[in-house]
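First comes the structure, then the notes that go with it.
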Amino acid sequence: MEESRLCQWSVIRSILAIVQWWGFNVTVIIMNKWIFQKLDFTFPLSVSCIHFICSAIGAYVVIKVLKLKPLIVVEPEDRWRRIFPMSFVFCINIVLGNVSLRYIPVSFMQTIKSFTPATTVFLQWLVWRKYFDWRIWASLVPIVGGILLTSITELSFNMLGFCAALFGCLATSTKTILAESLLHGYKFDSINTVFYMAPFATMIMAVPAVLLEGSGVLEWFRTCPSLLSSLLIIFGSGVMAFCLNFSIFYVIHSTTAVTFNVAGNLKVAVAVTCSWLIFRNPISAMNAVGCTVTLVGCTFYGYVRHLLSQQPPGTPRTPRTPRNRMEQIPLVNEKLDDKV
1 MEESRLCQWS VIRSILAIVQ WWGFNVTVII MNKWIFQKLD FTFPLSVSCI
51 HFICSAIGAY VVIKVLKLKP LIVVEPEDRW RRIFPMSFVF CINIVLGNVS
101 LRYIPVSFMQ TIKSFTPATT VFLQWLVWRK YFDWRIWASL VPIVGGILLT
151 SITELSFNML GFCAALFGCL ATSTKTILAE SLLHGYKFDS INTVFYMAPF
201 ATMIMAVPAV LLEGSGVLEW FRTCPSLLSS LLIIFGSGVM AFCLNFSIFY
251 VIHSTTAVTF NVAGNLKVAV AVTCSWLIFR NPISAMNAVG CTVTLVGCTF
301 YGYVRHLLSQ QPPGTPRTPR TPRNRMEQIP LVNEKLDDKV
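Per our numbering, the sequence shown starts with residue 1, numbered consecutively.
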């Protein structure tokens, strides 16, 4: 009886974790799109900088003030030698995500972001000459095919937004690969990752944001008809961005790797549906088919990765498989780009 109750509570906890993760993710994406489209605050560098500041403050409060998570101590030398390069790539990733949101619909941006597994595998094969099982390559076929179909049939196609989202995938893949090599020996979680990376990212982003967008932001301040409510939405998106990182930490610890992967792809579908209901961007039937094919391919890719991770370590000609569930999950979720 007791075991049955524990099992039921485990299922309920997993469902709640996934739902709150979906909620924060969709909220961040919709709020960012609303900021660019409805508030006419067309400054992706400034929005990214605000997100970094809010995330840095939030991580400090969680670790240092509330002590909800123990601090993972990193040597000062390693902070510059290991954390800073990752922060730079992380910064590029977030900025490209926000730039793409400014120019293309959420549905198209989220579909392109699903291309990340393909870019990760390709970079690891090209740069590190890492061997991958044929099933990994096979799982990339529907991902690539779905992206091509979606791009060709996208009614609101914009080349700048498309390129920003595509290069964002490369940045996400680079960040994931760097995390494996640079942070070897540190068992980072999403909160400690933000704690160390967000201050560096703020420092990196502040100067170009001021130089490139400072005058435009000041002009927006002078002409904005509802300044207080607009600022609440802008800074609220930064708070939600940090909450998203916290929710990622919770969902990783409450679900299995397979559930995490499937939930991540369903999350894209939820985000696409919600954005269409709010912004009503046109979506053709073939465009929806392309998005569906891509998500199915991503799910198959995650399933194959899980199967390979269950093989004995000595299995010949297989890529290095994660030693535990935490290693299967990127240090900063490679979907957001969850946090955009």
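Quick reminder that beta carbons are idealized off the backbone N, C-alpha and C, glycines included.
| query | result |
| --- | --- |
| Endpoints, alpha helix (DSSP H) assigned at P225 | No alpha helix (DSSP H) holds P225; DSSP gives it neither H nor E. |
| Cβ neighbours of L211 in the same chain (closer than 6 angstroms, five flanking residues each side left out) | none |
| Own chain, CB closer than 6 angstroms to F108, minus 5 neighbours either side, in chain order | E154 |
| Cutoff 7 angstroms; reference A201; Cβ partners in own chain excluding five residues on either side | F52, S87, F90 and C91 |
| Beta-carbon proximity list for T259, same chain, < 8 angstroms, skipping 5 on both sides | S14 and I18 |
| Contact belief for S237 with N32 at Cβ below 8 angstroms, rounded distance in angstroms | 6 angstroms |
| CB-CB length for F43 against V251, believed under 8 angstroms | Rounded, the Cβ-Cβ distance is 31 angstroms, inconsistent with contact. |
| 7 angstroms Cβ cutoff met for I12 and S48 | no |
| Through-space distance from K187 to F167, alpha-carbon basis | 28 angstroms |
| Supposed contact pair L244 and N265 - C-beta distance, whole angstroms, cut 8 angstroms | Wrong, their Cβ atoms sit about 17 angstroms apart, outside the cutoff. |
| Cβ pair K289, P142 closer than 7 angstroms | The sequence given here has Val at residue 289, not Lys. Not closer than 7 angstroms, so no. |
| Segments assigned alpha helix (DSSP H), at least 4 residues, entirely inside the segment 9 to 83 | 44 to 60 |
| Nearest residue (CA-CA) to Q124, options I136, L101 and I191 | I136 |
| Contact under 7 angstroms by Cβ, A56 with I191 | no |
| Secondary structure of K187, DSSP reduced to three states | coil |
| Neighbour-count burial assignment, P117, 16 or more Cβ in a 10 Å radius | buried |
| Backbone secondary structure at K130 - three-state DSSP | coil |
| Length of the line joining the Cα atoms of W9 and A263 | 19 angstroms |
| Span of the alpha helix (DSSP H) around R280 | Looking at the DSSP string, R280 is not in any alpha helix (DSSP H), and its letter there is neither H nor E. |
| Local Cβ density within 10 Å of D189, reported as buried at 16 or more and exposed below that | buried |
| Nearest-angstrom beta carbon gap, C224 and S230 [assumed within contact, 8 angstroms] | 6 angstroms |
| Endpoints, alpha helix (DSSP H) assigned at Q110 | V106 to K113 |
| beta-carbon P282 near the ligand GDP non-hydrogen atom, thresh 6 angstroms | The ligand GDP is absent from the structure shown, which contains no ligands of any kind. |
| Nearest-angstrom Cβ-Cβ length linking K267 and N25, presumed shorter than 8 angstroms | 6 angstroms |
| Distance, L148 Cα to K69 Cα | 42 angstroms |
| E180 (DSSP reduced to helix, strand or coil) | helix |
| Contact check, C291 vs T150, beta carbons under 7 angstroms | yes |
| DSSP-derived helix/strand/coil call for F90 | helix |
| Nonlocal neighbours in the same chain, by C-beta distance under 7 angstroms from T27, ignoring five residues either side | M240 |
| Pairwise C-alpha distance: E180 and R81 | 14 angstroms |
| Close beta carbons around F279, own chain, < 8 angstroms, minus the five adjacent residues each side | K33, Q37, P105 and V106 |
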